[in-house]
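A.B. asks: End of the sequence shown sits at 94 in our numbering; the numbers just go up one at a time, nothing left out.
Positions of the beta carbon are idealized from the N, C-alpha and C atoms, including for glycine.
Keep in mind that this is a model prediction, so the values were computed, not measured.
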Amino acid sequence: MKIKVELFGVCREFSDNNFLDLEFDKNIQIKDIRNEMIKLVKNKFPENNNYLEMVKKSAFSSKDEIVEDDFILSKNETVSIIPPIGGG
7 MKIKVELFGV CREFSDNNFL DLEFDKNIQI KDIRNEMIKL VKNKFPENNN
57 YLEMVKKSAF SSKDEIVEDD FILSKNETVS IIPPIGGG
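#1: By how many angstroms is the C-alpha of I78 removed from the C-alpha of C17?
#2: Could you check the C-alpha separation between I88 and D31 for me, to the nearest Å?
#3: Is the beta carbon of F66 sitting closer than 7 Å to the one on Y57?
#4: Please state the DSSP three-state secondary structure of L79.
#5: Note down, in chain order, each residue of its chain lying with its Cβ closer than 7 Å to the Cβ of F25, except the 5 sequence neighbours on either side.
#6: To the nearest angstrom, how far is the alpha carbon of E19 from that of V61?
#7: Thinking C-alpha only, which one of E29, V85, R40 is nearest D70?
Here is the structure:
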């Protein structure tokens, strides 16, 4: 099962593209995507705790709606990771 994750904000640093293609053997939930992205950050940026916290705190959307970690994904679905926005 292939899932495309569109990357926004600082999360674009996670790939040379503006997205990640993730492959899974079974039906998954958003929490599985989050866990895969945590593994990716730990492997690719082992010293960067800011990136790790960003993934943990980011929202995910599917079809232009924010979805919770227990949201079930369909085969070949596209989701987006939306990092928190800070400012003054």
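C.D. replies: In short, the structure shows the following:
#1: Counted from its first residue, the sequence shown places residue 17 at position 11. Counted from its first residue, the sequence shown places residue 78 at position 72. Rounded to the nearest angstrom, the two C-alpha atoms are 22 Å apart.
#2: Stepping through the sequence shown from its first residue, residue 88 is reached at position 82. Stepping through the sequence shown from its first residue, residue 31 is reached at position 25. Their backbone Cα atoms lie some 25 Å apart in a straight line.
#3: Here residue 66 is taken as the residue at index 60 of the sequence shown, counted from 1. Here residue 57 is taken as the residue at index 51 of the sequence shown, counted from 1. For F66 and Y57, no; Cβs fall outside 7 Å.
#4: As a first step, residue 79 must be located in the sequence shown, where it is residue number 73. Judged by DSSP in its simplified three-state form, L79 adopts coil rather than helix or strand.
#5: Start at 1 with the first residue of the sequence shown, and residue 25 comes out as number 19. Result list for F25: K10, V11, E12, L13, in chain order.
#6: Numbered from 1 along the sequence shown, position 13 holds the residue referred to as residue 19. Numbered from 1 along the sequence shown, position 55 holds the residue referred to as residue 61. Using only the alpha carbons, I get a separation of about 12 Å.
#7: Here residue 70 refers to the residue found at position 64 of the sequence shown. The shortest C-alpha separation from D70 is found at V85.
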